[in-house]
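Peer 1: Sending over a structure as structure tokens; questions will come in a sec.
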Amino acid sequence: MTQQNASEVEQFVRPQVTDICLITPDLNGSIDFYTDVLGFVLRSRMPGFADFVGPGVILALWERGKLEETTGIVGHRADSPGRTVMLACELESPEAIDRTYGDYLARGVEFVSPPKDYPWNARCIYFDGPNGEFWEFFAWYEGGEPGLVADKVSAEAQR
């Protein structure tokens with residue numbers, strides 16, 4: 001790698017996966033499974049969405065129909081069994097979403113749409129990976145994340 005190429009790579013946003021989102025046709029049944037059977041602690045809940053407290057990465061659930069309704073991303077593609085996994089990366093600001101969109105677009109990434117603001121107080125971009133997974137890059141606006149179930153999450157819940 002040349003000195004110039006190394007410099008370009010250092011300036012490029014390398015995503016840190018913050019959430020693993022499972023796409024489900026039955027949100028309430030999935031919440032019951034993760035809380036009652038596996039012992040996860042519900043962290044936030046909004047229409048069509050829930051996530052859970054855990055060490056490291058956040059486990060989140062999107063109801064397929066709500067995802068399609070709010071983002072326009074089809075949860076099932078005719079050429080595959082469907083999108084069932086979304087990898088989410090939180091960026092530091094809505095402006096970083098716009099910069100990342102430009103950087104990735106220049107590298108040939110095909111996005112679902114340009115950066116958009118969504119009703120959950122975040123700016124997001126979405127694109128498909130090569131293996132049927134899809135990606136969300138998001139950043140919260142001032143006021144942060146809506147739908148939190150509790151103000152503070154105990155250290156016990158994170159274990």
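Each residue of the sequence shown is one higher than the last, beginning at 1 in UniProt numbering. All C-beta atoms in this analysis are idealised placements derived from N, C-alpha and C, irrespective of residue type, glycine included. Keep in mind it's a predicted model, so treat the numbers as computed, not measured.
Compute the beta-carbon to beta-carbon distance between M46 and P146, rounded to the nearest angstrom, for a pair I have assumed lies under 8 Å.
Peer 2: Between P146 and M46 the Cβ distance is about 7 Å, and since that is below 8 Å, they are a contact.
Peer 1: Starting from L87, follow its DSSP beta bridges and name the residues at the other end.
Peer 2: Paired residues: I20, W135.
Peer 1: Look at the alpha carbon of N140 and the alpha carbon of E95, and state the distance between them as a whole number of angstroms.
Peer 2: According to the sequence displayed, residue 140 carries Trp and not Asn. Distance between the alpha carbons of W140 and E95: 10 Å.
Peer 1: Should E63 be labelled buried (16 or more other beta-carbon atoms within 10 Å of its own) or exposed?
Peer 2: Classification of E63: buried, given that the 10 Å Cβ count is 16 or more.
Peer 1: Assign residue 174 to one of two classes, buried (16 or more other C-beta atoms within 10 Å of its C-beta) or exposed (fewer than that).
Peer 2: What the structure shows of the chain is the stretch from 1 to 159, and residue 174 is not part of that stretch, so it cannot be assessed.
Peer 1: Just to confirm my understanding: we take D117, look at its own chain, exclude 5 residues before and 5 after, and list those with CB closer than 7 Å. What are they?
Peer 2: So the qualifying residues of the chain are R123.
Peer 1: What are the boundary residues of the alpha helix (DSSP H) that R64 is part of?
Peer 2: Residues 64-71.
Peer 1: Do you know how far the Cα of R14 is from the Cα of G108?
Peer 2: If I take the Cα positions, the gap works out to 15 Å.
Peer 1: Y34 and F52 look like a contact to me (Cβ under 8 Å); what is the Cβ gap, rounded to whole Å?
Peer 2: Yes, Y34 and F52 are in contact; Cβ-Cβ is about 6 Å, under 8 Å.
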